[in-house]
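Structure record follows, encoded as structure tokens.
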Amino acid sequence: MEAYAIPERRPSLLVPSGVQSEVRLLKGEELVLECIAEGFPTPVIEWTKRTEKLPKRANLKNYGKRLTINNIEEEDDGKYTCEARNSVGDTVHYFNVMVEGK
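This is the structure:
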């Protein structure tokens, strides 16, 4: 019996497409950002807001692939980054989140 090695692959994003996207919400709505990656070894997803940690109200779901913030506030707007990383490389997507008052 022969063993076959699975070739390593750097992460690529299945969702969302492109490098950057824009999300507009009204104050009080729910923010939902999704980042689904493929690669081998399986990529780890890391979220940041600008270069800071995420707001305390942020929830990660589905093994870190989905970021949600309920009852979004104006201070939650800004640039959120999803980074998919494994031992071969990484890829990022930037979400420009804009929150408007009601």
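Residue numbers are given in full-length UniProt numbering: position 37 of the sequence shown equals residue 37, and the series is strictly consecutive.
Ideal Cβ positions, reconstructed from N, Cα and C, are used throughout, including at glycine.
Check, Outcome
"Buried or exposed for Tyr80, going by 16 or more other Cβ atoms inside 10 Å?", "buried"
"What's the call for Gly101, buried or exposed, on a 16-neighbour Cβ count within 10 Å?", "exposed"
"Would you grab the beta carbon distance between Arg66 and Glu38 for me? Rounded to a whole angstrom, and I think it's under 8 angstroms.", "Incorrect: roughly 16 angstroms between the Cβ atoms, too far for contact."
"Can you tell me which of the three DSSP states Glu74 falls into?", "helix"
"Quick one: give me the first and last residue of the beta strand (DSSP E) that Ala58 is part of.", "Ala58 to Lys61"
"CB Gly64 to CB Ile45, shorter than 7 angstroms?", "yes"
"Compare the Cα-Cα distances from Phe40 to each of Ala58, Arg50, Ser87 and Arg57 and report the closest residue.", "Ser87"
"If distances are taken between C-alpha atoms only, which option among Leu25, Pro11, Ala5 and Arg9 comes closest to Phe95?", "Leu25"
"In terms of residues, what are the limits of the beta strand (DSSP E) holding Tyr94?", "Asp90 to Glu100"
"Given this structure, state the Cα-to-Cα distance separating Thr68 from Glu75, to the nearest angstrom.", "15 angstroms"
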